[in-house]
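The listed protein sequences derive, respectively, from chains L, U and R. One point on numbering: in the numbering used here, the residue at position 181 of the first sequence is 179, and numbering is uninterrupted. One point on numbering: in the numbering used here, the residue at position 354 of the second sequence is 382, and numbering is uninterrupted. One point on numbering: in the numbering used here, the residue at position 198 of the third sequence is 217, and numbering is uninterrupted. The structure appears below as structure tokens.
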Amino acid sequence: MGTIIIYAIVAMAVAGLVLSLILYFVAQKFKVTEDPRIDQVAEVLPGANCGGCGFAGCRALAEAIVKAGDMEGKACPVGGAPVMAKVGEIMGLAATETEPMVAVVRCNGGKCNTNQKVIYDGVTDCMSANQNFSSEGGCAFGCLGLGTCASVCKFDALHINPETKLPEVDEDKCVACGACVKACPRKVIELRKKGKNNRRVFVSCVNKEKGAAAKKNCDVACIGCGKCEKECPFGAITIENNLSYIDFNKCKSCRKCVALCPTGAIHAINFPPAKPKTETTIAQQPSPTPQQTTTVATDTTTVKTEQ
Amino acid sequence: MTTFRKGGVHPEENKLAKDCKIEIMPLTKKAVVFVSQHIGAPATCVVQKDDKVKVGTLLSKAEAFICANVHSPYSGTVTKVDVATDFNGFKKPAIYIDVEGDEWEDGIDTSEAIVKEIKLDSKQIIDRMKDRGIVGLGGAAFPTNVKYMIPEGKKAEFLLINGVECEPYLTSDNRIMIENTEEIFIGIEIMKKALNMNNAIIGIEKNKPEAIRIMTEMSKNYSGTKVVPLEMKYPQGAEKQLINALTGREVPSGKLPIEVGCVVDNVATALAIYYAVQKNRPLIDNVLTFTGKSVTNQKNLLVRVGTPLQEIIDYCGGLPSDTGKLISGGPMMGKAIMDTSAPTVKTTSSILVMSEKEAKRNPQTACIRCGKCVSACPMGLEPLLLATLCEQKRWEEAEKECVMDCIECGCCLFTCPANRPLLDLIRVGKNQVGAIRRARSQK
Amino acid sequence: MALLTVSGSPHVHSTMTTQKIMWGVVIALLPAFLVAIYFFGIPALMVTLVSVASCMFFEWLIGKYLLKTPNTVTDGSAVITGMLLAFNLPSSVPLWMVIIGALVAMGVGKMTFGGLGKNPFNPALVGRVFMFLSFPTAVALSEWPMPNPLFASSVTDALTGSTTLSLIAHGGELPPISDLLLGATGGSFGEISAIAILLGGIYMLCRKIITWHIPVAFLGSALIFAGILWLIDPTQFVNPLYHLLAGGMMLGAVFMATDMVTSPVTHKGQLIFGAGCGILTIIFRCFGPMPEGVSFAILIMNAVTPLINKFVKTDKFGYKK
């Protein structure tokens, strides 16, 4: 009996020793030396692996920053300045300032403003639909409404409104990672500056057809009439290919163009609905739905009368 | 029986219009001709508003290597050069013509007489193909002259003529083989001369006994050209599958048929080449099948390019009341028509009418990994795996699983008992992987 | 006229659906079922009905209240599982055990993984192996009920006896081959008649529900392997034909191993899968402690299937060297 116990102990000890030696040598052989700062940087990044920075994930960004030793062109759009400041601390570098951005849907031609011409019977994916036809409403430029942008959003900030069949951005959740911009086959979504008090003016249309052709398919299309371009005191508006575009770096949010637009394609959002006095408090903004066009109209009139 | 090596399906043939003689469609009054009607670099428009054109006047010019001319199918006045909607609803540059009479350019032989003697030499033939805007009429619309310029170090050993018409419903190739037999054979002689070859093989599926009989009869007059009846199996008419069926060779992945010494052209292209070379006639019309199970007036129509689809539909007596879907091309690879105001192009081979019941896809259920799509895939891919990878946007893995080899024949989706939209997903993957590859090669 | 529909190609579809495949398998199982009723009477009928009903019930219950997925009971896959589970049991098994077996088959074997198409193991075999290990006295009998034809003029002498497989394992006089073909032998009531099962198999081949690869590889490899053993030592190992026809070999090769969800997708993979099943079965039968090994062999190969799918690829067109 005693010998069995001794044998067992010896056998276990020898086996343990041999195995631990094997483990040791294998670990030595395959050892990967890594800059400890990669872990530290990855730690402060949000960890959502959204790919918004242009790298495969948060760790890939961390590796790129540490390996390059600088932060030029490598920034986390999700964490923004606070996170990059922390990364800068670890790296001993000064973080570059970036202005907060937000995803903006530049199409308002959903179910309410277009006439359905065909029925799409296929995969609920815009990329797939884009290979088969223009859109149920007939516009070959605008939103297909199948929600590929919403499906790629890792922050739950994009949802398709079941009534309008248009995506709506939840500005509190949107971190401007740009995943939706990449996913949209029609390039309807754009990252624009969040703007002062979240107020923005933009053209909610991407149709490059001539006015009549664009209007034929959609009530709220930009017809490229050029009224806004002439009116803008800051030279922020340009018309190219029958389509107006507002440069968010030049726009001062005066909203003169909004009232002028004959089709209501220019949207001004997050401006206070009533009197200009309440301008300091940020109003609960309605998302760019068709109903919103009316509120836009009313608040621009108030601006006009004030002038 | 001769057929290709692997995969394939056999859908219901429904060749309903196979006995309908080719009719000539009356000229339209207002034609719309797209500036580019081929794959490759876009052509440049050479006419302006108010220009007078005749049939055969050059409308847009090929300036790149892989590019094709477009000639006016009508005489009349150009009213505008603008964009027009194609049948998918997308805008493309187009020339609008108000048709007046039917006056042809000088130098085009419009007589019915068959010209047998081939006067041009090889180089002149290829130049003529380019000049007359000949493109492959099998569906891809690849400029034909490019195929005949054999690259250095390669040798054409086989000239294969595609009379397979494996798509259900379509009957236009069948009809021209029966009605324009002699012209097709002269066209093949021209092709042989262009390639300095003595033999050619015509592949025809055996569900077209009349065409096989007439073509075999005619082949006795043309030494070196033989007709091979083929087993009925879709997609036999696909280039790579036809080469495999007729020669046993396999075109390597990502390569062109000339890699294995083959040049493949459709019978309709052979006919177009005949007209171009012997009669100096540009490619301005083609035979189109108007068919469908609920269509009472099945027709094979000779239609000029640029005729609005709606006019063809009206000429054939309108659409049945239960129409749910219109398809340009066959039911396996054709595209659904969204807008009937769109005009025809060089490769429009049919208008297929499907009833509402046929139009809708069946509800999708869970994949049971039955492997039917794997057995059906003529390229030996695993569609169920590819579709899953594409659905999850795992493009790199999809590329490793050879997603780019997919020829989009639709066998996988056709055969799937769970109705998974396999091909829809794979098509997205091909698109994405293609973009990734282009980005990579630019780096 | 209504609006036109747009979708990607192809615009036509074969008439085959998952439902048709599943009900086709059910039809193919009927000959074996009828033979079972002929030889074992009402108890066989009862076990099958209870098994099928409880499988369908559990699928519906779990689908509705736990997974909250659309109802899939009508697609017929639960019916197949129920029938196969029953066919693997002796007719004398208590019905409450069948219900528990069905619960394990559907609950653990299938619905845990998300329902049809997602289960790695054949659910009927999961249920059968569970019962085999939990209720050995009721399922893995040493004395099996013997067939007693419904219309036989005389009642056979013994009501219970040994199965052919236990005779092979423990020695004894083997029944004639013809009994094994027709089904006049002891054993799980669905697997007794090789002819009835083959009839179902031929039906499935004609309907293109299964391909020949798995059954042929399964039976072929078993025949060859058992044949080699027999040639080496005919006194210790039995004639390979007995291996082929006795026990669950036929049922396993035609109905269980060919389950689409749990077998490889490529033909090459299917051949490997079938061969693996055949060889493992013979190993278990000849060298294992138990007379039967088909269930375990198939379950083990089920586990290998993802690996086969990953590494055994089709030969792609245009890659010929």
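Built from N, CA and C at the ideal position, the CB exists for glycine as well.
| Item | Value |
| --- | --- |
| Contact residues within the segment 363 to 376 of chain U, judged by C-beta distance below 8 Å to chain L | K363, A364, M366, D367 |
| Paired residues, beta bridge with U:D293 - DSSP | U:I189 |
| Short CB-CB distance (under 9 Å) between L:K115 and chain R | yes |
| Contact check, U:V402 vs U:M432, beta carbons under 9 Å | no |
| Test: R:S26 CB closer than 9 Å to a CB of chain L | yes |
| Complete runs of the alpha helix (DSSP H) confined to the segment 88 to 114 of chain L [at least 4 residues] | none |
| Simplified DSSP assignment, three categories, for U:A59 | strand |
| Distance between U:E217 and R:D94 (C-alpha atoms, nearest Å) | 57 Å |
| Beta strand (DSSP E) segment containing U:K151, residue limits | No beta strand (DSSP E) contains U:K151, which is instead part of the alpha helix (DSSP H) from 150 to 159. |
| Neighbour flag for L:G120 against chain R, beta carbons, 9 Å | yes |
| At least 3 beta-carbon pairs within less than 8 Å: the segment 291 to 309 of chain U vs the segment 53 to 66 of chain U | no |
| Separation of U:D114 from U:A370, as counted between CA atoms | 5 Å |
| Min CB distance U:Q460 to chain L below 9 Å | yes |
| Beta strand (DSSP E) segment containing R:H262, residue limits | Counting along the chain, R:H262 falls outside any beta strand (DSSP E), though it belongs to the alpha helix (DSSP H) covering 259 to 264. |
| Those residues which DSSP pairs with R:L23 across a bridge | L:V116 |
| Reduced DSSP category for L:D37 - H, G, I as helix; E, B as strand; rest coil | helix |
| Pairwise C-alpha distance: R:G205 and L:D123 | 57 Å |
| Boundaries (first-last residue) of the beta strand (DSSP E) holding U:T113 | 104 to 113 |
| Below-9 Å beta-carbon distance, R:L224 vs any chain L residue | no |
| Contact set for U:S281: own chain, Cβ-Cβ below 6 Å, skip 5 residues either direction | D433 |
| Same chain only: Cβ atoms within 7 Å of R:G136, ignoring 5 sequence neighbours per side | V280 |
| Listed by chain order, chain R residues near L:S126 by CB distance under 9 Å | G27 |
| Inter-residue Cα distance where the pair is U:A426 and U:E419 | 10 Å |
| C-beta neighbour in chain L for U:F318, strict 9 Å | no |
| Check whether U:K175 and U:V98 have beta carbons under 9 Å apart | no |
| Contact with chain R by U:C398, beta-carbon distance below 9 Å | yes |
| For U:A90, three-class secondary structure by DSSP | coil |
| For R:M41, the first and last residue of its enclosing alpha helix (DSSP H) | 37 to 59 |
| Range of the contiguous beta strand (DSSP E) that encloses U:D126 | 119 to 127 |
| Residues near U:N272 by beta carbon distance below 7 Å, same chain, minus five either side | F32, R33, E278 |
| Nearest candidate by alpha-carbon position, reference U:P182, set U:G289, U:V106, U:T172, U:K234 | One detail in the question is off: residue 182 of chain U reads as Lys in this sequence, not Pro. Looking at the Cα atoms, U:G289 is the closest of the given residues. |
| L:D170 (DSSP reduced to helix, strand or coil) | coil |
| Host beta strand (DSSP E) of L:K191 (start-end) | 187 to 191 |
| is_contact[U:N235, chain B] using C-beta, thresh 9 Å | Reference to chain B is not applicable here, since the protein chains of this structure are L, U and R. |
| Residue environment, R:V174, which counts as buried when at least 16 other CB atoms sit within 10 Å | The predicted position of R:V174 is uncertain, since its pLDDT is 47 and thus under 50; a value taken from the coordinates is nonetheless stated next. Looking at its Cβ environment, which holds fewer than 16 other Cβ atoms inside 10 Å, R:V174 is exposed. |
| Any C-beta of chain U under 9 Å from that of L:E207 | yes |
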